[in-house]
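Each residue of the sequence shown is one higher than the one before, counting from 1 in our numbering. No residue lacks a Cβ here, since even glycine has one placed at the ideal position from N, Cα and C. Below is one structure; the comments refer to it alone.
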Amino acid sequence: LYLTLKKFAGSFTKGIEMLRYSQYFIRTLALSLFSWVAHILVVYFLIHAFGFELPMISAVVIMVINTVALMIPITPGNAGTFELAVVAPLLAFKIVKSDAVLFALALHILDLIPIFLMGMFFFRTEKVTIKEIKEEGSKEEVLEQVEMTDVMMEKK
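As structure tokens, then:
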């Protein structure tokens, strides 16, 4: 966990440093805004597809709560966490629990479909096998264990 957090902090810091350059900042801001608007519209259209009579602000509230709740991944694919983060605001908007759960599942599936399709596309175009990914993951785990041992030895 320590090394994962250390790696994340380093990556985050490097990303923030890139924003010092105006060309990256403007592009990043534009892409971020586009992404938020697209996600909010998906939520809003799904709200209406389910027949819920809720205003646009409800889609924004659902997105914000969901985003904050998922900042720290708790389960693989955020299964359960995602649904809870969507169901809670829907219940506050007086949507029946069973409908809220179905909505959350539908939204989660809609979120995962593009990721799955892109993954399949790149698996084929890059000619990568699952075996290769597992082997690479095992190498990373060994390296993390070695680094952790080094850190523990330094502390002594």
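Ignore the nearest five residues each way along the sequence and tell me which others in residue 15's own chain have a CB closer than 7 Å to its CB.
Apart from the 5 residues on each side of it in sequence, residue 15 has no Cβ closer than 7 Å to any other Cβ in its chain.
Indicate whether residue 92 and residue 65 have their beta-carbon atoms separated by less than 7 Å.
Note that the C-beta distance between residue 92 and residue 65 is not below 7 Å.
In whole angstroms, what separates the C-alpha of residue 110 from that of residue 60?
Distance between the alpha carbons of residue 110 and residue 60: 17 Å.
Over the uninterrupted alpha helix (DSSP H) stretch that includes residue 27, give me the two end residues.
Segment 22–49, the alpha helix (DSSP H) holding residue 27.
Tell me whether residue 106 sits in a helix, a strand or coil according to DSSP, three-state version.
DSSP places residue 106 in helix when its eight states are reduced to three.
Neighbour-count burial assignment, residue 48, 16 or more Cβ in a 10 Å radius:
Residue 48 comes out exposed.
Look at residue 43 and residue 63 and say whether their C-beta atoms are less than 7 Å apart.
The Cβ atoms of residue 43 and residue 63 sit closer than 7 Å to each other.
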